[in-house]
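Take any residue in the sequence shown, note its place counting from 1, add 6, and you have its number in our numbering.
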Amino acid sequence: MAGRVAADVLAAGMAEARALVAVDMGTPKEGDHGTALLDFLGASPDRDVHLVVYGPAYAEGLSDDQKANRKRFTDLCTRLLDAFVQDR
Numbered sequence: 007m008a009g010r011v012a013a014d015v016l017a018a019g020m021a022e023a024r025a026l027v028a029v030d031m032g033t034p035k036e037g038d039h040g041t042a043l044l045d046f047l048g049a050s051p052d053r054d055v056h057l058v059v060y061g062p063a064y065a066e067g068l069s070d071d072q073k074a075n076r077k078r079f080t081d082l083c084t085r086l087l088d089a090f091v092q093d094r
């Protein structure tokens, strides 16, 4: 599926992703709960942003801050997906 996300949405998303790199999103206590990834590829590799959330659907044993950070990650993904416009 081909499409686009508006430049302003991408810029805001990149800024939020850069902020999320510095926060603790925690890791669920036990088991393999899957992984959510979000990658922004910059103009050069040193400008790339890579986010990884382990067990994104699980909150057991996480602090309130970790839960809030995971919500920020989920909200960012939702904003980017909602902004996607499919080519016709």
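The beta carbon of each residue, even a glycine, is placed where N, CA and C say it ideally should be.
Just so we're clear, the structure is a prediction, and the values are computed from it rather than from any experiment.
Item: Buried/exposed call for LEU57, threshold 16 Cβ in 10 Å; Value: buried
Item: At least three beta-carbon pairs within less than 8 Å, the segment 16–33 to the segment 41–58; Value: yes
Item: Of the residues THR80, ARG78 and VAL27, the one placed nearest VAL55, counting alpha carbons only; Value: VAL27
Item: DSSP three-state assignment for LEU43, whether helix, strand or coil; Value: strand
Item: Collapsed DSSP secondary structure at ARG85 in the structure displayed; Value: helix
Item: Sheet register partners of VAL91 (DSSP bridge); Value: ARG10
Item: For ASP52 and ALA63, the rounded distance between their alpha carbons; Value: 30 Å
Item: Range covered by the beta strand (DSSP E) that runs through VAL55; Value: 55–60
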